[in-house]
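Below is one structure, written out as structure tokens, with a few remarks after it.
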Amino acid sequence: MFLMGCTPDVQTFNDIIHAFCKVNRTHEAARTGQVEEARALLNKVPSPNIVLFNTLINGYVMSGRFDEAKVVLYDGMLGNGCEPDVYTFNILIHGLCKKGRLGSARELVNEMEIKGCKPNVTTYTILIDGFCKEGQLVEAGDVLNEMSYKGLSLNIVGYNRLISALCKDGKVLKL
1 MFLMGCTPDV QTFNDIIHAF CKVNRTHEAA RTGQVEEARA LLNKVPSPNI
51 VLFNTLINGY VMSGRFDEAK VVLYDGMLGN GCEPDVYTFN ILIHGLCKKG
101 RLGSARELVN EMEIKGCKPN VTTYTILIDG FCKEGQLVEA GDVLNEMSYK
151 GLSLNIVGYN RLISALCKDG KVLKL
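Numbering (the UniProt record's numbering), first residue to last: 1 to 175.
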């Protein structure tokens, strides 16, 4: 692009960062290197936006590198004046649930609300899925009740996950 006298825009950077974060997810060494290249590229973007940061944070979370994702959030994103949105929080909550850190995921939902970012159906579905995978059906039910109290309805993905977990736990009659 530069050789042809064309300057990349934010979308160009996002496409490349997205590709780096998605490439070779099955091979750990390649995945780690690619996410690092995405981070190096993000550091060269003149005015990075929330989409770029979310893409990189997701790349780290999907690589199992939650601590690096938090560094990008706190040092990169907040350092550049970008406030996390519901997508940012959902990525991080998903990463915590994936690691079995459900208490931390629950705390992050509370933190996002304190910061004025309202959890959405996807946020709660991620939590319910995490609790179901860990066999913590009472906690999953608590999340469902919290959703209902806030006027949100579970989506089909959440219901399927909950029904599957109840069936596996022998609680078919509770349905």
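Yeah, the Cβ is synthetic: ideal placement off N, Cα and C, and Gly gets one too.
Below 8 Å on the Cβ atoms is my contact criterion, and I expect residue i with residue j to pass it. Report the Cβ-Cβ distance as a whole number of Å.
| i | j | result |
| --- | --- | --- |
| Val143 | Phe131 | 7 Å |
| Ile126 | Asn90 | 6 Å |
| Cys117 | Ala105 | Between Ala105 and Cys117 the Cβ distance is about 15 Å, and since that is not below 8 Å, they are no contact. |
| Phe66 | Lys99 | 6 Å |
Shortest alpha-carbon distance to residue i belongs to which of the options?
| i | options | result |
| --- | --- | --- |
| Tyr87 | Ile156, Pro46, Val61 | Val61 |
| Gly64 | Asn80, Asp85, Val35, Thr7 | Val35 |
| Ile128 | Ile93, Met4, Asn58 | Ile93 |
| Asp85 | Lys115, Lys22, Ser153 | Lys115 |
| Val72 | Lys99, Arg101, Ala40 | Ala40 |
| Arg161 | Glu107, Lys133, Gly81 | Lys133 |
Just how far apart, CA to CA, sit residue i and residue j?
| i | j | result |
| --- | --- | --- |
| Thr55 | Phe20 | 10 Å |
| Lys171 | Gly76 | 46 Å |
| His27 | Ser47 | At His27, the pLDDT of 47 sits below 50, so the modelled position is not reliable; the number obtained from the coordinates is stated separately. Taking the straight line from one Cα to the other gives about 31 Å. |
| Glu113 | Val138 | 22 Å |
| Gly103 | Val109 | 10 Å |
| Ala69 | Ser164 | 31 Å |
| Glu83 | Cys6 | 30 Å |
| His18 | Pro119 | 25 Å |
| Gly95 | Cys167 | 26 Å |
| Tyr74 | Ala38 | 17 Å |
| Asn49 | Glu111 | 22 Å |
List the endpoints of the continuous alpha helix (DSSP H) containing residue i.
| i | result |
| --- | --- |
| Cys167 | 156-168 |
| Arg124 | Looking at the sequence itself, residue 124 is Tyr, so the reference to Arg does not match. 121-133 is the span of the alpha helix (DSSP H), which, as asked, contains Tyr124. |
| Tyr106 | First, the residue type needs correcting, since residue 106 is Arg and not Tyr in the sequence shown. Note, Arg106: alpha helix (DSSP H), 102-114. |
| Glu139 | 137-149 |
| Gly95 | 86-98 |
| Thr55 | 50-62 |
Among the residues of its own chain, which have a CB less than 8 Å from the CB of residue i, if the five just before and after it don't count?
| i | result |
| --- | --- |
| Val45 | Val10, Phe13, Leu52 |
| Asp169 | Gly135, Leu137 |
| Glu146 | Tyr124 |
Quick check: does the Cβ of residue i come within less than 6 Å of any heavy atom belonging to the ligand ADP?
| i | result |
| --- | --- |
| Asp67 | What this structure holds is no ligand at all, so the ligand ADP is not there to describe. |
Among the residues of its own chain, which have a CB less than 6 Å from the CB of residue i, if the five just before and after it don't count?
| i | result |
| --- | --- |
| Leu152 | Val121 |
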